[in-house]
């Protein structure tokens, strides 16, 4: 490669196939720092994209090349380029669970964490959708840089991050989201919430409810999230003060004090929260 550079070959020539990779793209795939720096010195266009619109930063992020990402960023690559699926490099890093790359992107670049891809997903949606084993650790990194990151934004299918993580059974990410203040009562476009999602066991749901640290935001809706009856002038909205769901009177008849929320007087709770507050995680049995 170094010899070819000395004879002044065109460093932006592309491989003549469907991917249309440049030498720079091939270099970041393999993670060779020396060749990368020499290509840049020889005039390689750092912002060239492949046939599917992926930049060198996309490729480095997908392949877990954290140090290569740092070199690209220090050489002023455009961090917010979108591929053919409208993904940024951050989308790809969280999808594959590359925590080092995520930290470098957040700390060293101006990448937009709120960018939506063609499925209406921001980086947190993608993190929860793929639910890699270390997703809860990456979520902690995201909160470190964006402590007020909006947790309840819904993707194109109406799923919140909590709903996607629950669907995938990622207990650690679910607990981290709830501890950070995620709304438990959000329903997706199929009208499913974590309370109605078909799962093999209610153990994770009970565990989530058991660790709610403070009173969650109240849900809204035109129907009771337990029985589905429509609210009217005579059938008024109520809320479970423990999980925040909007419910009819019949589905929120239980009353208990919730000491952990500093609510010493009895307040309305749903049947499931009544059981959790009474029996703890044993309510799953």
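Residue numbers (the UniProt record's numbering): 1 to 285.
Using N, Cα and C, we set each Cβ at its ideal position, and we do this for glycine too.
These numbers come from a predicted model, not from an experiment.
- Query: Residues in its own chain within less than 8 Å of residue 266 by CB, not counting five upstream and five downstream?
  - Reply: Correct list, in chain order: 255, 256 and 257.
- Rounded straight-line distance, which links the Cα of residue 125 to that of residue 97: Cα to Cα, residue 97 sits roughly 13 Å from residue 125.
- Can at least three beta-carbon pairs, one atom from the stretch 158-167 and one from the stretch 122-140, be found at a separation below 8 Å? Segment contact: the stretch 158-167 against the stretch 122-140, three or more CB-CB distances shorter than 8 Å; contact assigned.
- Item | For residue 277 and residue 242, believed in contact at Cβ under 8 Å, the rounded distance | Under the criterion of beta carbons closer than 8 Å, residue 242 and residue 277 qualify as touching, at roughly 6 Å.
- Item | Unbroken stretches of the alpha helix (DSSP H), 4 residues or longer, contained in the UniProt repeat "ANK" (157-189) | Counting only runs of 4 or more, we get 161-167 and 171-179.
- Query: Would you say residue 123 and residue 101 are within 8 Å of each other, going by their C-beta atoms?
  - Reply: Not closer than 8 Å, so no.
- Start-to-end residues for the alpha helix (DSSP H) that takes in residue 28: Here the alpha helix (DSSP H) through residue 28 covers 23-30.
- Roughly how many angstroms lie between the CA atoms of residue 189 and residue 223, to the nearest whole one? In a straight line, the C-alpha of residue 189 is about 15 Å away from that of residue 223.
- Beta carbon of residue 184 nearer than 8 Å to that of residue 151: No, the Cβ-Cβ distance between residue 184 and residue 151 is not below 8 Å.
- Item | 6 Å Cβ shell around residue 78 - same chain, five flanking residues per side excluded | Here the set comprises 47.
- For residue 33, the first and last residue of its enclosing beta strand (DSSP E): Following the DSSP letters along the chain, one finds residue 33 in no beta strand (DSSP E) but inside the alpha helix (DSSP H) bounded by residues 33-41.
- Message: Just to confirm, is the Cβ distance from residue 39 to residue 23 under 8 Å?
- Response: At the C-beta level, residue 39 and residue 23 come within 8 Å of one another.
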